[in-house]
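Residue numbers (my numbering), protein chains in the order written: chain A, 827 to 1365; chain B, 6 to 439.
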């Protein structure tokens, strides 16, 4: 085995020397690149990509990357090929091989070399063999992963060479996995393959699983047994991660429910106002985020990553002010008349929706994700997206802040006092109408900041609020009216329940089942999970 | 409460009045203007898509009036708001036809709204031009389908992925209602006829406005990790698309690995999100704003001027209205009257230019000929055409891939004049309308 490997290394070194960068000369590469001007369809373009890749010269990586990004253009006047970058009405022109800037020219002189998905894939595969020797470990890792995803027996030698040189442990592991994947489909002797199966058995992802499954099908004897053992160990690992994933998705859905419902937990839960316009407060928060981002885009683009932080207080104030106006203007006349409150607030919600539709138009508004809320990171086999993670953190922070206000501040004390016994509170000198107004404004403001978070994962459209109103009531009623902790526990248990049902029952049936569960639960415990006890209940 | 009763009794009396007027004789038809009904939701969930179509109709009517109207008369738009409420569509259609006495109606978006107005148009014998791609399995005498039938959108898209991209495994993801369910039924039958195995097809439905796509996207990822090229065919409708694409991007699903081809995502939908992470995902339509033809350039220019906003985009259903409206104008000129029966007879065979450089023709099955374009999403939210049919495709109302509709054809010319003629039994009738 060692002998073979040494031989392979020598061979690789030999090959590398034969087509070393120094020897693939500039003019020849430029000749190949110039063919982009003549290409008429994707398969011709693909042939050129293959030819460039075969040169083995890392210098072509630039033009290949640009091609995948749609930045390779042909100047129509003289059929010259360039890399270009859009800059408004003009375009910046670069040399395709050296990347040297050649100045700026009008955009309409250039025609794009068209690319589609299969071409982009061809470019990516071609780049992986070119960047295997890159100085940047991230690029090497990317190359190794690409080669793992599309294993090829012919690349084993190159991989061996790369593994020999590799210092970075993570990249080395990825390279070895790519090599093992390639060995499985090669003609190498059985003990090589056995080593590869062991090597892959230590991984626990779906790609490996399907590789090993396919291998188990076509192999025989103890090799097949080894592969099957590896398959079953990976499968049990994946089952654990699948459960972990459901819990995480449930927590994430729960945090969204919590955010949507927590404002309602105050207006409905604490004050007892059936507030159908609650969803519209969320919408107002989301539109505030949109406005903030618009202003930032227009005046101070470097602030974009801070846009959500800036939007938070503004959304709180905007939604809170609207809430205050609704309480002072409508709801205070309707205390103690729940049906009329329901109808009136529903009317308010329609008015708010149509107002927003008139001002901002019926179409969705684009709210961008700041860079720290885009993408995901890998935790074992779990892809955790940053936006969901931050929303979980944010929901818990809002909950904690609200709990503090309720239990540790004078205002919170007054709110609780008014809820518990209005007349007693009034005779103690509390101005109950203003406590009502500001409690309602607080609930609305909290809904507004929920809107800032929800704008990151949902559409910002006039209908935004409608999607959350039912869920919010569900959470508050399930958790127990008048209890913040109930809302927290209710939101997370509904979220997790939903996510465990979804893979089996599907999204539609899952939702229905959750509703059925809640209805049954309410039959058993009409006051929800955490029932409020005492005089307030009877009042 | 009194207000509600008042409005109901007003409505009843308006209805009675209308009946009286219609019975009163044709004197009413002799007016200086020809009224054109516009039946698109301006509020509620569908307002997001339909408001644009109302505006484009107003623009087309205004332009036609500048050219001198139709039959020497000016056109007068009558706009009503069915508010995304399906039964209200039927009510408003009735109002347009019997109270406002419109010559034709341009409207509807969702299939359920179309199904809701069908009996009204049949009963009152008026014309409906329906501009949205739909599931087929229908052909009605009073309706003209200017959007795509499944064979003008879904099937070519699947063909493209299968032949050009080597896709072997399919996720059919849709919103849970009639259009995705029927389309997916046709696609499933089609894929199986092409030799795709059961375990290589995954079908998934989600409710309207679904926003938590984490589980489904990770399922798609897992499904795509089986070592075969995988693609998602998406009939996800409306608002749910934005969070779906956001989740795809965040979970790192790239178009090179698992492309998504969508039938309901156009320029207008993309205007609501940051398109950068979506580059390379596909859509199949009969029109893209990016198509470079003189007609299209003129149309875009006219639209931006009319709507007074340089950032507004054009999309496929707008083109369908453009074609449908011009066909109606031509048919009315040809018939010399706006009488529905005469127009129905005159419109079959009428050809008008579409915006992609060809000519669309109204076929006897009340569907039109269209080119099929597959486009990849670009960073600016526009599409780049990566493939198109070499010629125009005739809309096929009854799918050839479903067992109970493959023998049916529609031909509204005399003497057949049937929407569901069964070629096996030689009789008119069977599944569907009538």
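Every residue gets a Cβ at the ideal spot worked out from N, C-alpha and C, and that includes glycine. Computed from a predicted structure; not experimentally measured.
Measuring straight from C-alpha to C-alpha, what distance separates residue 1320 of chain A and residue 1168 of chain A?
By 1-based counting over the first chain, the position of residue 1320 of chain A is 494. By 1-based counting over the first chain, the position of residue 1168 of chain A is 342. Cα-Cα distance, rounded: 25 Å.
So the candidates are B:297, B:425, B:186 and B:82; which of them puts its Cα closest to the Cα of residue 105 of chain B?
The count along the second chain starts at 1 and reaches residue 105 of chain B at position 100. The candidate whose alpha carbon is nearest that of residue 105 of chain B is B:82.
So residue 859 of chain A and residue 922 of chain A are supposed to be a Cβ contact under 8 Å. How far apart are they, rounded?
Numbered from its first residue, the first chain carries residue 859 of chain A at position 33. Numbered from its first residue, the first chain carries residue 922 of chain A at position 96. With a Cβ gap of about 5 Å, residue 859 of chain A and residue 922 of chain A count as contacting.
Could you say which of A:926, A:1196 and A:1287 lies nearest to residue 50 of chain B if we only look at CA atoms?
For the purposes of this step, residue 50 of chain B is taken as residue 45 along the second chain, with counting starting at 1. Residue 50 of chain B has its Cα closest to that of A:1287, out of A:926, A:1196 and A:1287.
When you compare only the Cα positions, how much space is there between residue 147 of chain B and residue 1182 of chain A?
Your numbering for residue 147 of chain B matches position 142 in the second chain. Your numbering for residue 1182 of chain A matches position 356 in the first chain. Cα to Cα, residue 147 of chain B sits roughly 37 Å from residue 1182 of chain A.
What would DSSP say about residue 82 of chain B, mapped onto helix, strand or coil?
Residue numbering aside, residue 82 of chain B sits at position 77 when the second chain is read from its first letter. Three-state DSSP puts residue 82 of chain B in a strand.
Can you give, in chain order, each stretch of the beta strand (DSSP E) that sits fully within the region 85-125 of chain B and has at least 3 residues?
Listed in chain order, they are 109-112.
Of all the alpha helix (DSSP H) runs that stay within the bounds of the region 873-953 of chain A, which reach a length of 4 or more residues?
Within the region 873-953 of chain A, the complete alpha helix (DSSP H) runs of at least 4 residues are 887-894.
Let me know the secondary structure DSSP gives residue 403 of chain B once reduced to three states.
The residue you call residue 403 of chain B lines up with position 398 of the second chain. Coil, per DSSP.
Got a sec? Which residues, its chain only, sit under 8 Å from residue 1351 of chain A by beta carbon, not counting five neighbours each side?
As a working mapping, residue 1351 of chain A is identified with position 525 in the first chain. Excluding positions up to five away in sequence, the list reads 1357.
Considering only the alpha carbon of each residue, which of B:112, B:434 and B:372 lies closest to residue 42 of chain B?
The count along the second chain starts at 1 and reaches residue 42 of chain B at position 37. Residue 42 of chain B has its Cα closest to that of B:112, out of B:112, B:434 and B:372.
Chain A beta carbons: is any one of them nearer than 8 Å to that of residue 426 of chain B?
Along the second chain, one-based indexing puts residue 426 of chain B at 421. No, residue 426 of chain B lies away from the interface with chain A (no Cβ there is under 8 Å from its Cβ).
What number of angstroms, rounded off, separates the C-alpha of residue 256 of chain B from the C-alpha of residue 248 of chain B?
Within the second chain, residue 256 of chain B is the residue found at index 251, counting from 1. Within the second chain, residue 248 of chain B is the residue found at index 243, counting from 1. Each residue's alpha carbon lies about 12 Å from the other.
Nearest to residue 121 of chain B by CA position, among B:326, B:136, B:348 and B:93, is which residue?
By one-based count along the second chain, residue 121 of chain B stands at place 116. The shortest C-alpha separation from residue 121 of chain B is found at B:93.
Check for me: the beta strand (DSSP E) holding residue 1326 of chain A runs from which residue to which?
Counting from one through the first chain, the residue named residue 1326 of chain A turns up at place 500. From DSSP, residue 1326 of chain A is part of no beta strand (DSSP E) but of the alpha helix (DSSP H) over 1310-1350.
DSSP beta-bridge partners for residue 358 of chain B?
If you number the second chain from 1, residue 358 of chain B lands on position 353. According to DSSP, which records beta bridges pairwise, residue 358 of chain B is partnered with B:364.
Could you confirm whether any beta carbon from chain B is found closer than 8 Å to the beta carbon of residue 1352 of chain A?
Start at 1 with the first residue of the first chain, and residue 1352 of chain A comes out as number 526. Not closer than 8 Å to any Cβ of chain B, the Cβ of residue 1352 of chain A fails to qualify, so no.
Quick one: grab the DSSP three-state call for residue 1146 of chain A.
Your numbering for residue 1146 of chain A matches position 320 in the first chain. Note: residue 1146 of chain A maps to helix in three-state DSSP.
Run through chain B and tell me which residues come within less than 9 Å of residue 1291 of chain A, C-beta to C-beta.
Position 465 of the first chain, counting from 1, holds the residue named residue 1291 of chain A. Result: empty, since nearest Cβ-Cβ is about 11 Å, beyond 9 Å.
Tell me which same chain residues have a C-beta within less than 8 Å of the C-beta of residue 1056 of chain A, skipping the five on either side of it?
Within the first chain, residue 1056 of chain A is the residue found at index 230, counting from 1. Cβ neighbours of residue 1056 of chain A beyond the five flanking positions: 1023, 1024, 1026, 1027 and 1038.
Just checking: is the beta-carbon of residue 1196 of chain A within a distance shorter than 8 Å of some beta-carbon in chain B?
In the first chain, the residue the question calls residue 1196 of chain A occupies position 370. Taking Cβ atoms only, chain B never reaches closer than 8 Å to residue 1196 of chain A, which makes this a no.
Taking beta-carbon pairs under 9 Å, can you tell me which members of the region 889-906 of chain A lie near chain B?
Per Cβ criterion, the list reads 894, 895 and 896.
Shorter than 8 Å from the beta carbon of residue 1345 of chain A to some beta carbon of chain B?
Sequence index remark: in the first chain, residue 1345 of chain A carries index 519 (1-based). Not closer than 8 Å to any Cβ of chain B, the Cβ of residue 1345 of chain A fails to qualify, so no.
Does the region 1321-1333 of chain A come close enough to the region 1111-1126 of chain A that 3 or more CB-CB pairs lie under 8 Å?
Flag = no, the region 1111-1126 of chain A and the region 1321-1333 of chain A do not touch.
In whole angstroms, what separates the C-alpha of residue 28 of chain B from that of residue 150 of chain B?
On the second chain, position 23 is the one that residue 28 of chain B refers to. On the second chain, position 145 is the one that residue 150 of chain B refers to. Because residue 28 of chain B sits at a pLDDT of 42, beneath the cut-off of 50, its placement in the model cannot be relied upon, and the point is left open.
Near residue 323 of chain B, what residues of its chain come up, given a Cβ to Cβ distance below 6 Å and the 5 sequence neighbours on each side ignored?
If you number the second chain from 1, residue 323 of chain B lands on position 318. Excluding positions up to five away in sequence, the list reads 61.
Quick one: complete beta strand (DSSP E) runs, 3+ long, within the region 1107-1160 of chain A?
The qualifying runs do not exist here; there are none.
Counting only beta-carbon separations shorter than 8 Å, does residue 251 of chain B have a partner in chain A?
The count along the second chain starts at 1 and reaches residue 251 of chain B at position 246. Cβ-Cβ to chain A under 8 Å: yes for residue 251 of chain B.
Could you have a look at residue 380 of chain B and say whether DSSP puts it in helix, strand or coil?
Along the second chain, one-based indexing puts residue 380 of chain B at 375. Strand at residue 380 of chain B.
Which of the residues in the region 342-365 of chain B, read from start to end, lie with their CB under 8 Å from any CB of chain A?
Of all residues in the region 342-365 of chain B, none has a Cβ within less than 8 Å of some Cβ in chain A.
Mind listing which residues of the region 200-211 of chain B have their C-beta closer than 8 Å to chain A's C-betas, in chain order?
If the cut-off is 8 Å between Cβ atoms, the region 200-211 of chain B has 209, 210 and 211 near chain A.
Quick check on residue 145 of chain B: buried or exposed, where buried means 16 or more other Cβ atoms within 10 Å of its Cβ?
For the purposes of this step, residue 145 of chain B is identified with residue 140 of the second chain, where counting begins at 1. Buried, by the Cβ-count rule.
Any beta-carbon of chain A closer than 8 Å to the one on residue 12 of chain B?
As a first step, residue 12 of chain B is located in the second chain; it is residue number 7 there, counting from the start. Note that residue 12 of chain B scores 46 on pLDDT, short of 50, meaning its location in the model is unreliable and no value can be drawn from it.
Per the DSSP calculation, residue 427 of chain B is bridged to which residue(s)?
Here residue 427 of chain B refers to the residue found at position 422 when the second chain is read from its first residue. For residue 427 of chain B, which the question treats as bridged, DSSP gives the partners B:413 and B:432.
So with Cβ pairs under 8 Å, would you call residue 965 of chain A a contact of chain B?
Position 139 of the first chain, counted from the first residue, corresponds to residue 965 of chain A. It does not: the Cβ of residue 965 of chain A has no partner Cβ on chain B nearer than 8 Å.
Identify each residue in the region 1314-1348 of chain A for which the Cβ-Cβ distance to at least one residue of chain B is less than 7 Å, and report them in chain order.
So the list reads 1325, 1328, 1329, 1332, 1333, 1334 and 1337, given in the order they occur along the chain.
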